[in-house]
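Down below is the structure, laid out as structure tokens.
Residue numbers (the numbering used here): 10 to 229.
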């Protein structure tokens, strides 16, 4: 209740996951105040209160939002980044990778998340910077040792026995079966709609072509 009061009174942008809005910002839109200091403070305090109350919360979205807020605030310390929205988005991409790295203890997963999910423009230099940022976040998490088990996550599995060469056969079979199932499911879902069956270039051509009175290919 206290966390809801803080969000309602000080920073309404602190509610929710934050990932969809960060994807929107990285696509080129500007949302004033969404990555500001009040949002960072309210989100951090609200997370601590909610977790202390025993509520079930996902870590990925809030950690990515908090990391993006930190990246946005610190970018203003450097005029090269604070006054350049394109440069600032590179920092936000690296911050998103760091957030996922802290949430799951997976720096490589954080970089892949930033590359595949939130970033629309991801040059090679941003890839290395994001990896360094995610790796630094994982090292800090390991040094703090919040779970008291000398690991990056609370629950982990140790494999004491290696896998055998003959196990590659069922691994390959499961991988091929997964590809076939996903392909079949995609075909079943897209086949009833004639526009999802179209080639992308054909669909774009019809969208931007002039429609006449007797044009049979118009999109209705």
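Glycine included, each C-beta is placed from N, C-alpha and C at the ideal position.
Could you pull the start and end residues of the alpha helix (DSSP H) that residue 6 belongs to? No answer is possible for residue 6: it lies beyond the span of the chain, which begins at 10 and ends at 229.
Can you find the residues in the same chain that come closer than 6 Å, C-beta to C-beta, to residue 122, ignoring five residues on each side of it along the sequence? Looking up residue 122 in the chain shown gives position 113. Within the same chain, residue 122 has close Cβ partners 109.
Express the C-alpha separation of residue 158 and residue 49 in angstroms, rounding to a whole number. Residue numbering aside, residue 49 sits at position 40 when the chain shown is read from its first letter. Residue numbering aside, residue 158 sits at position 149 when the chain shown is read from its first letter. Taking the straight line joining both Cα atoms gives about 28 Å.
If you drop the 5 nearest sequence neighbours on each side, which residues of the same chain put their C-beta closer than 6 Å to that of residue 81? For the purposes of this step, residue 81 is taken as the residue at position 72 of the chain shown. Hits under 6 Å: 44.
C-alpha distance - residue 107 paired with residue 13, whole-angstrom precision: To locate residue 107, count along the chain shown from 1; it is residue 98. To locate residue 13, count along the chain shown from 1; it is residue 4. Distance between the alpha carbons of residue 107 and residue 13 is about 26 Å.
Do the CB positions of residue 73 and residue 28 come within less than 7 Å of each other? Translated into the one-based positions of the chain shown, residue 73 becomes position 64. Translated into the one-based positions of the chain shown, residue 28 becomes position 19. Result yes, Cβ atoms of residue 73 and residue 28 sit closer than 7 Å.
Is there contact here, the segment 53-62 with the segment 87-101, by at least three beta-carbon pairs under 8 Å? Fewer than three beta-carbon pairs drawn from the segment 53-62 and the segment 87-101 are found closer than 8 Å, and the two stretches are therefore not classed as touching.
How many whole angstroms separate the CB atoms of residue 75 and residue 53, which I take to be in contact at a CB cut-off of 8 Å? Start at 1 with the first residue of the chain shown, and residue 75 comes out as number 66. Start at 1 with the first residue of the chain shown, and residue 53 comes out as number 44. Residue 75 to residue 53, Cβ: 6 Å. Contact.
Using only alpha-carbon positions, find the residue among 20, 216, 105 that is nearest to residue 125. If you number the chain shown from 1, residue 125 lands on position 116. Per the Cα distances, 105.
Note down, one range per segment and in chain order, each beta strand (DSSP E) of at least 3 residues found wholly within the segment 88-113. Segments of the beta strand (DSSP E) lying fully in the segment 88-113: there are none.
For residue 80, name the three-state secondary structure that DSSP assigns. As a working note, residue 80 is residue 71 in the chain shown. Helix, per DSSP.
Consult DSSP for residue 205 and reduce its assignment to one of helix, strand or coil. Within the chain shown, numbered from 1, the residue matching residue 205 stands at position 196. Residue state, collapsed to three classes: coil.
Bounding residues of the alpha helix (DSSP H) (the contiguous stretch that carries residue 172): For the purposes of this step, residue 172 is identified with residue 163 of the chain shown, where counting begins at 1. It is not in any alpha helix (DSSP H) - residue 172 carries neither H nor E in the DSSP assignment.
Would you kindly work out how many angstroms separate the C-alpha atoms of residue 88 and residue 214, rounded to a whole number? Start at 1 with the first residue of the chain shown, and residue 88 comes out as number 79. Start at 1 with the first residue of the chain shown, and residue 214 comes out as number 205. Our two residues, residue 88 and residue 214, have alpha carbons roughly 43 Å apart in a direct line.
Delimiting residues of the alpha helix (DSSP H) encompassing residue 17: By one-based count along the chain shown, residue 17 stands at place 8. Counting along the chain, the alpha helix (DSSP H) containing residue 17 begins and ends at 11-18.
What does the alpha-carbon distance come out to for the pair residue 212 and residue 190? As a position in the chain shown, residue 212 is number 203, starting the count at 1. As a position in the chain shown, residue 190 is number 181, starting the count at 1. Rounded to the nearest whole angstrom, the C-alpha separation of residue 212 and residue 190 is 26 Å.
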